[in-house]
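Numbering (the numbering used here), first residue to last: 24 to 75. Even glycine gets a Cβ: it sits at the ideal position worked out from N, Cα and C. Have a look at the structure below, then the notes.
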């Protein structure tokens, strides 16, 4: 899946590539490609009322 994500990124299909990459990292969190995951402001935003 990580390889497919890299190919999709090269094709400019970034949204689908991010989906594939997140699925791959969910299976194996030690993938070196995990650093390519883009921040998703809706998904990664801290919840209100919680100090980080």
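Listed in chain order, the alpha helix (DSSP H) elements of length 4 or more contained wholly in the segment 35-67 are 37-50, 64-67. About 4 Å separates the beta carbon of residue 40 from that of residue 31, a gap short enough to meet the 8 Å contact definition. For the 8 Å CB-CB criterion, residue 61 and residue 54 do not form a contact.
Contact annotation: residue 43 and residue 27 have beta-carbon atoms nearer than 8 Å.
The beta carbon of residue 37 sits closer than 8 Å to the beta carbons of 31, 61 from its chain, once the five residues preceding and following it are set aside; these are given in chain order.
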